[in-house]
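Let me begin by presenting the structure, written as structure tokens, before commenting on it.
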Amino acid sequence: MDRPSDGRLALLLLLGHMITALEVPLDPKLLEGLPQPPTITHQSPKEYIVDPRENIVIHCEAKGKPHPGFSWTRNGTHFDIDKDPKVTMKPHSGTLVIDIIGGEKADAYEGVYQCTAHNQLGSALSNHITIRQSRSPLWSKEKFSPIVAQEGQSLVLQCRPPAGLPPPIVFWMDNNFQRLPQSRRVSQGLNGDLYFSNVLMEDSRNNYICYARFPHTQTIQQKQPITVHVIDLDSLNDTMADYFNDTDLFSDKPVEERVPVLLVPSGSLSSQMVLRGEVLELECIADGLPTPAVSWTKLSGEIPGHRASLMNFNKTLRISDVSEADAGEYRCTAGNRLGSVHHTIRVSVKAAPYWISAPRNLVLAPLETGVITCRARGHPKPHIQWSMNGLPIEDTPKDPSRTVEDDSIIFSEVQTGSSAVYQCNASNQHGYLLANAFVNVLAEPPRVLTAPNKVYQVIENRPALLECLSFGSPVPAVTWFKDSRSSMLEGDPYVFHKNGTLEIHVSQAANGGKYTCVARNNLGISENHVYLEVKEPTRILRPPEYRVVQRNRDVLFECKVKHDPSLIPSTSWLKDGGELPEDDRFRAQLDSLTITGVTESDAGTYTCVTYTSLDQDSASARLTVVEAPPTPAPIYGQPDAPTDLELTDPGARSVQLTWTPGDEHNSAIKKFLIQYEDGLHQSGVWLNLTEVPGTKTTAHLKLSPYVHYSFRVLALNGVGYSRPSLPSRQYRTNPAAPDENPSEVKGHGTEHNNLVITWKPLTGLQANGPGLQYTVLWRQHGVEEDWTSVSVANVSKFVVSGTPTFVPYEVMVRAQNAYGPGPEPAAVIGHSGEDFPSAAPGLVQVLVLNSTLAEVHWEHVPLWAVRGRLQGYKVHYRRERSLHRHNSHHGEQRSESFGPNRTRGKLPDLHPFSVYSLHVTAFNSRGEGPASATQRFETPEGVPGVPSFFRVSASDLDSLTLEWAPPHERNGRLTGYTLRYQTVNSSHDLGLLDEMDLLSNQSSVTLHNLHHSTRYKFYFSAKTQQGSGPALTEEAVTILHRAMVSPQVDIATQGWFIGLMSAIALLILILLIVCFIKRNKGGKYPVKEKEDAHGDPEIQPMKEDDIMFGEYSEEDRKPLRVSRTPSSGTVPRDGSEDSLVEYADSGDTQFNEDGSFIGQYSGRSGPPSPVINSLV
26 MDRPSDGRLA LLLLLGHMIT ALEVPLDPKL LEGLPQPPTI THQSPKEYIV
76 DPRENIVIHC EAKGKPHPGF SWTRNGTHFD IDKDPKVTMK PHSGTLVIDI
126 IGGEKADAYE GVYQCTAHNQ LGSALSNHIT IRQSRSPLWS KEKFSPIVAQ
176 EGQSLVLQCR PPAGLPPPIV FWMDNNFQRL PQSRRVSQGL NGDLYFSNVL
226 MEDSRNNYIC YARFPHTQTI QQKQPITVHV IDLDSLNDTM ADYFNDTDLF
276 SDKPVEERVP VLLVPSGSLS SQMVLRGEVL ELECIADGLP TPAVSWTKLS
326 GEIPGHRASL MNFNKTLRIS DVSEADAGEY RCTAGNRLGS VHHTIRVSVK
376 AAPYWISAPR NLVLAPLETG VITCRARGHP KPHIQWSMNG LPIEDTPKDP
426 SRTVEDDSII FSEVQTGSSA VYQCNASNQH GYLLANAFVN VLAEPPRVLT
476 APNKVYQVIE NRPALLECLS FGSPVPAVTW FKDSRSSMLE GDPYVFHKNG
526 TLEIHVSQAA NGGKYTCVAR NNLGISENHV YLEVKEPTRI LRPPEYRVVQ
576 RNRDVLFECK VKHDPSLIPS TSWLKDGGEL PEDDRFRAQL DSLTITGVTE
626 SDAGTYTCVT YTSLDQDSAS ARLTVVEAPP TPAPIYGQPD APTDLELTDP
676 GARSVQLTWT PGDEHNSAIK KFLIQYEDGL HQSGVWLNLT EVPGTKTTAH
726 LKLSPYVHYS FRVLALNGVG YSRPSLPSRQ YRTNPAAPDE NPSEVKGHGT
776 EHNNLVITWK PLTGLQANGP GLQYTVLWRQ HGVEEDWTSV SVANVSKFVV
826 SGTPTFVPYE VMVRAQNAYG PGPEPAAVIG HSGEDFPSAA PGLVQVLVLN
876 STLAEVHWEH VPLWAVRGRL QGYKVHYRRE RSLHRHNSHH GEQRSESFGP
926 NRTRGKLPDL HPFSVYSLHV TAFNSRGEGP ASATQRFETP EGVPGVPSFF
976 RVSASDLDSL TLEWAPPHER NGRLTGYTLR YQTVNSSHDL GLLDEMDLLS
1026 NQSSVTLHNL HHSTRYKFYF SAKTQQGSGP ALTEEAVTIL HRAMVSPQVD
1076 IATQGWFIGL MSAIALLILI LLIVCFIKRN KGGKYPVKEK EDAHGDPEIQ
1126 PMKEDDIMFG EYSEEDRKPL RVSRTPSSGT VPRDGSEDSL VEYADSGDTQ
1176 FNEDGSFIGQ YSGRSGPPSP VINSLV
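FYI, the numbering for the sequence shown is 26 to 1201, going by our numbering.
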């Protein structure tokens, strides 16, 4: 029997004159204070084998009130745990923990233990718990000589593992831990030996190893390997004959086939005993050639098929959960083609004691009668012995109210104080059973244990069971009433069970209602109310029907259901009794199943199962898929308009619309769109009402009052929407009071003395009837109890004038029409209008944090002066002037806003070394209040800004001159400048950084002793007492030769250069024209010959050497590179970029006859500069 958890009191309901106890767990709060004798709830098994590597834990848990104490015996004598430091008992428990990890041996604590749980009402005993240490002894060291066997003979390899506790599990493997193959010829017996019905040459090996695994310690031990040599005598004789001159040393008789002989068991008859409930294993292993086959029969009956199994290649018959019917004679037969051998095993079944009726706890009232019964069976028949509180009952004081009769104790007219725990011990030579049962004598008035006001729901025509579990001592009598206490229920259709349950065999609607159960005994009365609801059954009205569908078409199964309106139905679909395939082609809905694109695999039986929380119904239909005949390519189009619109099931606010779909035009309809026209409010305007799936042709429409409805339906497929159907007949709903009130109700003020109440008006559809008006209600929150109201129409706001400034109001707007008001509206809180704050923040102070940041402090404006909802504070500030004489301009007015809970704020981005003024205001949604007194403060010096400019004004071989101007933003008094510089090589690597400080009144400096033709990078910054400001950077290059210091001019802008280039261009144009004319004339003519003969000097052609433009190299094709002096005043590092000015200043400059010029650097060392050719 299941026991309740600790802390709950298990009590008994006593039914009948001779009472049979029923244990019921009760709420401890309900029965607090009721005593209970001890009950064992958990204990260790009778045979407890412990692991010597772990602590020993012997369980003993019990419940009772008061909570029981615990004691132990060991080997029949008291076990004093206080004297053994290795043994402890868990708190509030009898469980023992024996510490053997610390070095104590487990075998020192072997023995038989028993736990006693006791309180003032009695003592309960545990089973006798035998503690034994698990053992895995070592295999004895032995060496085996090789075994020589003739091929075809039988062989047995013995294992004989050491006896362990529990016995080991035996298996054969080789030295690579691979299991040896077994078959009908080679197999392992139940005793662990390895049997060969006949050996083959392939059985020769030197690593037959028997392993024993001890399960408790999880250790594996192995026997020494066994070597087996299988010999073939024919081959051996031939070899020896050759060696000994044809003399046969061995018999030349070959191995003959032989009739089977049993190796196990021996003889023809044996016997075996097994206990009821255990496993019976019978074994037959035979020698023979060919290998024998084994079969089993039962001579005295049938082998139980559901509990029997053949194992080990039919050599072992195993029967589980043995019963007395399995006793008898079993015969095994081993046979081959030469014959067979039989063995008979007589099986006897004994039984350790087992319960027929275990004793149960008994609760009795004073002077009541009861019985505790202890019935057990076994073979041999068990002996019953009774004890009370752990003592043999014959050794306890005599009690005239108690009579012991073999397997029963009868109690009559029990007295208060005679509570006790009784033990029944049923034993025979194969085991024992021990059970505790207490007798608790109590006097208690009735208590109904069933939850009050419990609701039972049942389907019509089904049985109903109404519980009335009760407790009391004496056992209460239970009676039932329906609806009122006027008459007690009895007779048909009611059945009254002994535990108080009321049963109604066939529930009808008239059986629903309130039921009252009353529990009475001579100490009082208790009652409880329960309710029965009888529901309509769930029925499938339109089941799915048989369908024959062509492949790739769609199919629809309908499943229309009728159910009780108060129950929520669910529908599931099955295919061939299982779940639907996980395929998007299957679309299951509440009342239908659609399969699109049917395939052959979709054929089968489809079942619709509709169920509620109380019942279910199902229906099935078969789908057959056939091959579609060849059809021309389909032409897709929009569906035709639905037809035959019909309105049914009219209701005050609903109607059922049905229609007939039009032609789909080869594209399945996906959905239907239902539209409506309100002929009363919006005639001619069609609005969308709802959509339904394309598989449906009906829709239940929810309507609004006071609307003249006309409906139409549109179908949608993959191509598009159909034309609308013809309108249905007009369906008019009756007017009604509004179902809702305006939404978005708000109250706010636009002036300091008004309250504007606004709302979102109802639409004509929401009005539900004519004469729509709004009742506007308001009252000052927390001040006025009565509402002020006004009715308005055709507006969405109302202004209440003459209100106090910014006070809370409760506001409601209720809709009403000619048929009554709408529902009670919820009040919202709004405020009347705000006014400007009337006071300025006080105690304004400024704390300058640094040169660009200040913190302003102020006190809150009094709440009465806010005159609205304070939104925050504003700090207005401006820069009046700079403290430096060179910069005194005024700044713009700026402001910073802060939250309403702030009393301080920071002003960022201030100018250093300046004078500022500020004031603070409070503001609400109306605006800002008066300003506080003006406060002035000065910001300290900061670091200066960047210098106004910084440049290189002159360069030389080893010096550079730098110029600069002070910063525009000095932010204090300048104390000087910092110049840092470093070299930059051709790969842009930076050299060491040099630094020098300059006076504040300096504006230039010349750096000497620099490297020639070297690039330098400069960083220049101004500084005040606060430090250096940001730096300007510049780069410059010292020159290579002093001649390069001459002023450099951009020749491209000089007049003489422009004129020269123009002349060259004109000369080139003339030469091109002459060449073109000469080429067009071609050949010689008389005049030309005459001219050639006279040789006019004016028209003599120039020498090829003189025509400069006729010869140029690829280098000459490059554009003319004109050097420009960088803004830094440095000379470019590329030496090829020569200035034309240098040619102009050189005395060696020459011009050719074609206008080109040749110039060389004057006074330069090295080769002359290349000629700059004229442009062609």
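Where is the CB? At the ideal position from N, CA and C, for every residue including glycine.
N- and C-terminal bounds of the alpha helix (DSSP H) containing Val891: Val891 -> alpha helix (DSSP H) spans 888–891.
Presumed contact (8 Å Cβ cut-off) between Arg209 and Asn223, rounded CB distance: With a Cβ gap of about 11 Å, Arg209 and Asn223 do not count as contacting.
Pro767 versus His806: straight-line alpha-carbon distance, rounded: Approximately 21 Å, taken between the alpha carbons.
Runs of beta strand (DSSP E) lying entirely within the segment 431–482, each at least 3 residues, in chain order: Within the segment 431–482, the beta strand (DSSP E) runs of at least 3 residues that lie entirely inside it are, in chain order, 433–436, 445–453, 456–466, 469–473.
Buried or exposed by the 16-neighbour rule on C-beta atoms within 10 Å, applied to Tyr799: A residue is called buried when at least 16 other Cβ atoms come within 10 angstroms of its Cβ; Tyr799 meets this threshold and is buried.
Limits of the beta strand (DSSP E) - the one that Ala646 falls within: Run containing Ala646: 641–651, per the beta strand (DSSP E) assignment.
Three-state secondary structure (DSSP) of Ser347: First, the residue type needs correcting, since residue 347 is Val and not Ser in the sequence shown. In this structure, Val347 counts as coil in the three-state DSSP scheme.
Separation of Tyr220 from Gly360, as counted between CA atoms: Rounded to whole angstroms, Gly360 to Tyr220 spans 17 Å at the Cα level.
Environment of His368 [buried if 16+ CB atoms lie within 10 Å]: The residue is buried, with at least 16 neighbouring Cβ atoms inside 10 Å.
Beta bridge counterpart(s) of Ile310 as assigned by DSSP: Per DSSP, the beta bridge partners of Ile310 are Val289.
Exposure label - Pro389; buried when at least 16 CB within 10 Å: The sequence as given places Leu at residue 389; Pro does not occur at that position. Using a 10 angstroms sphere on the CB of Leu389, the tally of other CB atoms reaches 16 or more, which defines it as buried.
Contact check, Leu670 vs Leu698, beta carbons under 7 Å: Going by C-beta atoms, Leu670 is not nearer than 7 Å to Leu698.
Where Cys1100 falls: helix, strand or coil (DSSP): Of the three classes helix, strand and coil, the one that applies to Cys1100 here is helix, per DSSP.
Assigned secondary structure, Glu671 (DSSP; H/G/I helix, E/B strand, else coil): Looking at Glu671 - three-state DSSP - the assignment turns out to be strand.
Anticipated Cβ contact below 8 Å, Gly353 with Lys323, distance rounded: Taking C-beta atoms under 8 Å as the contact rule, Gly353 and Lys323 qualify, at a distance of about 6 Å.
3-residue-minimum beta strand (DSSP E) runs that sit fully inside the segment 532–557, ordered along the chain: Those beta strand (DSSP E) runs which fall completely within the segment 532–557 and span 3+ residues are 538–546.
Whether Phe506 touches Thr541 by CB criterion (7 Å): Yes, the Cβ-Cβ distance between Phe506 and Thr541 is below 7 Å.
Buried or exposed by the 16-neighbour rule on C-beta atoms within 10 Å, applied to Tyr1041: Sixteen is the threshold: when 16 or more other Cβ atoms of the shown chains lie within 10 Å of the Cβ of Tyr1041, as they do, the residue is buried.
Continuous beta strand (DSSP E) assignments of at least 3 residues falling wholly in the segment 678–719: 679–685, 696–703, 707–718, all fully within the segment 678–719.
Euclidean distance between Cα positions of Val195 and Val284: If you take the alpha carbons of Val195 and Val284, they lie about 30 Å apart.
Cβ neighbour criterion (16 or more within 10 Å) applied to Leu889: The residue you asked about is not Leu; residue 889 is Trp in the sequence shown. Exposed is the call here.
Glu604 in three-state terms, based on DSSP: DSSP places Glu604 in strand when its eight states are reduced to three.
Glu1020 vs Arg998 beta-carbon contact at 7 Å: Arg998 is positioned such that its CB atom lies no closer than 7 Å to that of Glu1020.
Bridge-paired residues (DSSP) for Gly502: Going by the sequence as given, residue 502 is Ala instead of Gly. According to DSSP, Ala502 shares a beta bridge with Arg545.
Boundaries of the beta strand (DSSP E) in which Ala377 is found, first to last residue: 364–382 is the extent of the beta strand (DSSP E) around Ala377.
Supposed contact pair Glu176 and Asp257 - C-beta distance, whole angstroms, cut 8 Å: At roughly 5 Å, the Cβ-Cβ gap stays under 8 Å, so Asp257 and Glu176 are in contact.
Residue environment, Lys727, which counts as buried when at least 16 other CB atoms sit within 10 Å: Lys727 comes out exposed.
Beta-carbon gap between Leu714 and Tyr731 smaller than 7 Å: Between Leu714 and Tyr731, the CB-CB gap reaches or exceeds 7 Å.
Residues near Asp688 in its chain [Cβ-Cβ closer than 6 Å; skip 5 each side]: Closer than 6 Å at the Cβ level, and outside the excluded window around Asp688, lie Asp665.
Residue range of the beta strand (DSSP E) that includes Leu985: Its beta strand (DSSP E) spans residues 985–992.
Sequence ranges, alpha helix (DSSP H) only - wholly within the segment 909–950, length at least 4: Fully enclosed alpha helix (DSSP H) runs of 4 or longer: not present.
Neighbourhood of Gln614 by C-beta, 8 Å cutoff - its chain only, sequence neighbours within 5 removed: Excluding sequence neighbours, Gln614 sits near Thr596, Pro718, Thr720.
Straight-line gap, Met1133 to Val971 (C-alpha atoms, nearest Å): Any reading at Met1133 must be qualified, since the residue scores a pLDDT of 36, below 50, and its modelled position is unreliable; the value itself is stated next. Roughly 56 Å between the two C-alpha positions.
Among Arg610, Ala628, Asp640, the one whose alpha carbon lies nearest that of Pro594: The residue from Arg610, Ala628, Asp640 with its alpha-carbon nearest to that of Pro594 is Asp640.
Coarse secondary structure for Ala724, derived from DSSP in three states: Of the three classes helix, strand and coil, the one that applies to Ala724 here is strand, per DSSP.
Cβ-Cβ separation, Ile854 to Lys822 (assumed contact under 8 Å), whole Å: Actually they do not touch by this definition, with Cβ atoms about 17 Å apart.
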